[in-house]
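So the structure is just underneath, and the comments pick up after that.
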Amino acid sequence: MSKAMLSSIAMMVPRPVRRGLKTQVLPPVLRAVRRAQGKNPDAPVAREYRVPGRETFAGYYEIQPVSADGMAVLAHASVAARSALTGKESARLGWFEIETGEWHELAQTQLWCWQMGARLRWWDSAGPRALAFNTIVDGKAVHAVADESGVRAQCDWPLFDAREEAGIGLSLNFGRLAHCRPGYGYPRLEDPFADDNLPDGDGVTLVDLATGKGELVYPMPEFAKAVPGATQREYHYLNAALLSPKATRFTVLYKRLPEAGAVHNWTVDAMIGNCDGSGLIRVPLNGRASHYWWLDEDRIVYTAGEGIFANYVVFDCRDQSLTPLSNAAPSVDGHPSKSEATGQWITDTYPDLYSDQTLFTLSPDAGERREIGRLLADRRYQDEWRCDLHPRWSRDGETVWVDSTHEGYRALYRVDANA
1 MSKAMLSSIA
11 MMVPRPVRRG
21 LKTQVLPPVL
31 RAVRRAQGKN
41 PDAPVAREYR
51 VPGRETFAGY
61 YEIQPVSADG
71 MAVLAHASVA
81 ARSALTGKES
91 ARLGWFEIET
101 GEWHELAQTQ
111 LWCWQMGARL
121 RWWDSAGPRA
131 LAFNTIVDGK
141 AVHAVADESG
151 VRAQCDWPLF
161 DAREEAGIGL
171 SLNFGRLAHC
181 RPGYGYPRLE
191 DPFADDNLPD
201 GDGVTLVDLA
211 TGKGELVYPM
221 PEFAKAVPGA
231 TQREYHYLNA
241 ALLSPKATRF
251 TVLYKRLPEA
261 GAVHNWTVDA
271 MIGNCDGSGL
281 IRVPLNGRAS
291 HYWWLDEDRI
301 VYTAGEGIFA
311 NYVVFDCRDQ
321 SLTPLSNAAP
331 SVDGHPSKSE
341 ATGQWITDTY
351 PDLYSDQTLF
361 TLSPDAGERR
371 EIGRLLADRR
381 YQDEWRCDLH
391 PRWSRDGETV
401 WVDSTHEGYR
411 ALYRVDANA
């Protein structure tokens, strides 16, 4: 039976039944059988970093969490746990000393979510322990920078991504995203275009970080024009944007719902735009686009597939070709990234039928796959507050940072990639 047929059969089962079987019934039974057979998998060697009594996590997988000197790791910490956010909850933002585990809080924000956090990142031009993030200042949603002297607004746009060296930021409609894809946007923000299926005033805004000025370079209707079959009847939104290393291009996931509120039934296409506004293209992936990682200014890796299966492919913007990343890549979706120091890949899986989340490395040429270990997902973490591993390389490529619930709470862990 083919992967497509298996996926189709699985998707025919009603969602609540499918979830109950996958999270509550099968995992304990399968783990008991595995224990009886003496086949328990190895857990990776991991050190915990946690603010006591708070859900602690780094955020999404494509932001480097370790400081430039390799001595600190950034994190969010919140008392909220295992629940949807309302926009009133605050997250504490700061960093841990990697050697001692000591926590240093710099700021708080109400502009955050479980999957993406506050888009917290190091901001080296402001100091060795300065952090940039989205927050509210004087009643406005802004991108701000904080160090031990305080918080200062940088621009009147919450940013999804930024390239400090290039002086460019990219903003999306976080209010619309919160309603369309809970867990990825900011419930604290309203969507000014909530009643418009295909708003002219919404889209990708590029921000000059030196002046703070933003320009809507690709309005939402331009995305619809670039995708065959996109209609005015659908409810359109954008998610998951990433600038190329030198900020000449960006990728973003362009999504449509059959109607507003139908959040579990989206259509998605990966799109790539030139940051000078000169062109927008649809990436012709086989299946639903999911995750991504820029290799350079011209090539980008995507994961895409249908149902429980996925492929890792490389798209070349120059000739719009698609090639497999590797036969050694996992056949399920994950969050891939490549170490600048060693060239090794890291990726992960969602919880399987045992509730295991698995970490893999791929060799620099992606020809060899090695399992680092498996972490047991606490299945109380579901829906928008689920906890993906979101693996991220340290700057030296020797360790991997993950968010995990295997101890019964959300915490940040440092994993030895070579153990």
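In terms of the numbering used here, the numbers along the sequence shown are unbroken and rise by one, the last being 419. Note that the Cβ used here is the ideal one computed from N, Cα and C, for glycine as well.
- Cβ distance (whole Å) where D403 is taken to contact R414 below 8 Å: Working through the sequence shown from its first residue, we reach residue 403 at position 403. Working through the sequence shown from its first residue, we reach residue 414 at position 414. 12 Å between Cβ atoms; not a contact.
- Item | Three-state class that DSSP yields for L111 in the structure shown | Here residue 111 corresponds to residue number 111 of the sequence shown, with the count starting at 1. In the structure shown, L111 sits in coil (DSSP, three-state: anything other than H, G, I, E or B).
- Going along the chain, which residues of its own chain have a beta-carbon closer than 6 Å to the beta-carbon of D124, five neighbours each way excluded? For the purposes of this step, residue 124 is taken as the residue at position 124 of the sequence shown. Cβ within range, chain order: A68.
- Pair every Cβ in the stretch 178-186 with every Cβ in the stretch 113-130, then say whether three or more of these pairs are closer than 8 Å. yes
- Query: Given I281, which residues of its chain have a CB within under 6 Å of its CB, disregarding the five upstream and five downstream residues?
  - Reply: Stepping through the sequence shown from its first residue, residue 281 is reached at position 281. Closer than 6 Å at the Cβ level, and outside the excluded window around I281, lie I272.
- Are the stretch 81-99 and the stretch 33-40 touching by the rule of at least three beta carbon pairs closer than 8 Å? no
- Message: Just to confirm the assignment, what range does the beta strand (DSSP E) spanning F360 have?
- Response: Counted from its first residue, the sequence shown places residue 360 at position 360. Start and end: D356 to L362.
- Query: For the putative contact between Y254 and L30, defined by C-beta atoms under 8 Å, what is the C-beta separation to the nearest angstrom?
  - Reply: Residue mapping note: residue 254 aligns to position 254 of the sequence shown, counting from 1. Residue mapping note: residue 30 aligns to position 30 of the sequence shown, counting from 1. That belief does not hold up - the Cβ atoms of Y254 and L30 are roughly 37 Å apart, past 8 Å.
- Task: Quick one: using the 10 Å Cβ neighbour count with 16 as the cut-off for buried, is A419 buried or exposed?
- Result: The count along the sequence shown starts at 1 and reaches residue 419 at position 419. Exposed: under 16 other Cβ atoms inside 10 Å.
- Could you check which residue in A289, S244 and P245 has the C-alpha nearest to that of R256? Within the sequence shown, the letter at position 256 stands for residue 256. If we check each option's Cα against that of R256, A289 comes out closest.
- Item | Cβ pair count under 8 Å reaching 3, the stretch 36-53 against the stretch 367-376 | yes
- Message: Taking DSSP's pairing of strands, which residues face F315 in a bridge?
- Response: As a first step, residue 315 is located in the sequence shown; it is residue number 315 there, counting from the start. Answer is I300 and L322, bridged to F315.
- CA-CA distance, P134 and G38? Here residue 134 refers to the residue found at position 134 when the sequence shown is read from its first residue. Here residue 38 refers to the residue found at position 38 when the sequence shown is read from its first residue. First, the residue type needs correcting, since residue 134 is Asn and not Pro in the sequence shown. If you take the alpha carbons of N134 and G38, they lie about 48 Å apart.
- Task: Please state whether DSSP places W266 in a helix, a strand or coil.
- Result: Along the sequence shown, read from residue 1 onward, the residue named residue 266 stands at position 266. Correct three-state label for W266: coil.
- Identify whether L376 lies in helix, strand or coil by the three-state DSSP scheme. Within the sequence shown, the letter at position 376 stands for residue 376. Of the three classes helix, strand and coil, the one that applies to L376 here is strand, per DSSP.
- Hey, how far is the Cα of L131 from the Cα of S149? Locating residue 131 in the sequence shown gives position 131, counting from the first residue. Locating residue 149 in the sequence shown gives position 149, counting from the first residue. Using only the alpha carbons, I get a separation of about 12 Å.
- Message: Do V252 and L172 count as a contact pair if the criterion is CB distance below 9 Å?
- Response: Counting from one through the sequence shown, the residue named residue 172 turns up at place 172. Counting from one through the sequence shown, the residue named residue 252 turns up at place 252. Yes; because the gap between Cβ atoms is below 9 Å, this pair is in contact.
- Is it buried or exposed for H104, if we count other Cβ within 10 angstroms and need 16 for buried? Locating residue 104 in the sequence shown gives position 104, counting from the first residue. Answer is exposed; the Cβ neighbour count stays below 16.
- Message: As an exercise, report each continuous beta strand (DSSP E) stretch of at least 3 residues that is fully enclosed by the stretch 386-417, in chain order.
- Response: 399-404 and 411-416
- With DSSP as the reference, please indicate the residues paired to D191 in a beta bridge. Along the sequence shown, read from residue 1 onward, the residue named residue 191 stands at position 191. Partner(s): none; D191 has no beta bridge.
- From A240, R152, Y61 and L243, residue whose alpha carbon lies closest to that of A107: Start at 1 with the first residue of the sequence shown, and residue 107 comes out as number 107. It is R152.
- Message: Tell me whether the stretch 288-304 and the stretch 334-351 touch, counting them as touching only if at least three CB pairs, one residue from each stretch, are closer than 8 Å.
- Response: yes
- Could you please give me the residues that DSSP links to K213 through a beta bridge? Within the sequence shown, numbered from 1, the residue matching residue 213 stands at position 213. In the DSSP output, where bridge partners are listed per residue, K213 has none listed.
- Query: For the putative contact between L159 and G167, defined by C-beta atoms under 8 Å, what is the C-beta separation to the nearest angstrom?
  - Reply: Locating residue 159 in the sequence shown gives position 159, where the first residue counts as 1. Locating residue 167 in the sequence shown gives position 167, where the first residue counts as 1. L159 to G167, Cβ: 12 Å. No contact.
- Message: Distance check for A247 and E165, CA to CA, integer angstroms please.
- Response: One-based indexing of the sequence shown puts residue 165 at position 165. One-based indexing of the sequence shown puts residue 247 at position 247. Using only the alpha carbons, I get a separation of about 9 Å.
- Report the residue from E297, G277, V400 and M220 whose alpha carbon sits nearest the alpha carbon of P245. What you label residue 245 is simply residue 245 of the sequence shown in a count that begins at 1. P245 has its Cα closest to that of E297, out of E297, G277, V400 and M220.
- Message: Can you tell me whether T23 is helix, strand or coil according to DSSP?
- Response: Taking the first residue of the sequence shown as 1, we reach residue 23 at position 23. Helix, per DSSP.
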